[in-house]
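Going left to right, the sequence shown walks through residues 1 to 149 as full-length UniProt numbering numbers them.
All C-beta atoms in this analysis are idealised placements derived from N, C-alpha and C, irrespective of residue type, glycine included.
Right, one structure below, let's go through it.
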Amino acid sequence: GIPKEERTKISHRYLDMMQLTPFADSYTFQLSTGMKQRVAIARALVMDPDVLLMDEPFAALDAQTRDLLLVEMQLIWEKTKKTILFVTHSVSEAAVLGTKIAIFSNRPSVIKKEVDNDFPRPRVTEDESLVKLQQDILAELRPEVKKSK
């Protein structure tokens, strides 16, 4: 395996990246929900995957913590350039984080449309260009939502 010194160095690099260094010796119960989510992301990144799958990573977070993590995920992507596959039902998350957004149909679920998102980073949900993109995505989704009713 990897020598302990190297493992420690790698762990600290990702704790720093996730702004968790002051909490490195904390117990789980001492961390907020947002911190726990950042720990989970750091743990995944430590493994140096070619592709990182994130399935609804912000679903259980309050709005302020989610917005903070949206910014942090963009910074992490800038630093690591990892391919990250986000699965989300949040159009705003997709617009902020995605470079290619796949819009799925209702059952049977197939890719209905792919949208390229080349807006510059950092992105925030309130940006006018992203608001327009979100509206376009929602317009594509509306017929699918109606089918599910």
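Would residue i pass as a contact of residue j if the rule is Cβ separation under 8 Å?
{"i": "leucine 69", "j": "isoleucine 103", "result": "no"}
{"i": "threonine 83", "j": "valine 51", "result": "yes"}
{"i": "leucine 53", "j": "methionine 73", "result": "no"}
{"i": "threonine 88", "j": "glutamate 56", "result": "yes"}
{"i": "leucine 15", "j": "alanine 42", "result": "yes"}
{"i": "isoleucine 137", "j": "isoleucine 111", "result": "no"}
Just checking my contact of residue i with residue j at CB under 8 Å: how many whole Å lie between their CB atoms?
{"i": "glutamate 93", "j": "phenylalanine 58", "result": "6 Å"}
{"i": "alanine 95", "j": "threonine 125", "result": "7 Å"}
Have a look at residue i and residue j and give me their C-alpha separation to the nearest angstrom.
{"i": "aspartate 25", "j": "aspartate 116", "result": "41 Å"}
{"i": "threonine 28", "j": "lysine 147", "result": "42 Å"}
{"i": "isoleucine 76", "j": "leucine 31", "result": "21 Å"}
{"i": "serine 129", "j": "glutamate 6", "result": "43 Å"}
{"i": "lysine 79", "j": "serine 105", "result": "33 Å"}
{"i": "arginine 123", "j": "valine 71", "result": "8 Å"}
Let me know if residue i comes out buried or exposed under the rule of 16 or more other beta-carbons within 10 Å of its beta-carbon.
{"i": "glutamine 37", "result": "buried"}
{"i": "arginine 107", "result": "exposed"}
{"i": "leucine 133", "result": "buried"}
{"i": "valine 131", "result": "exposed"}
{"i": "valine 91", "result": "buried"}
How is the alpha helix (DSSP H) around residue i delimited, first residue to last?
{"i": "threonine 33", "result": "33 to 46"}
{"i": "residue 150", "result": "Lying outside 1 to 149, the shown extent of the chain, residue 150 is not represented and no answer is given."}
I'd like the span of the beta strand (DSSP E) that includes residue i, first residue to last.
{"i": "glutamate 128", "result": "No beta strand (DSSP E) contains glutamate 128, which is instead part of the alpha helix (DSSP H) from 128 to 147."}
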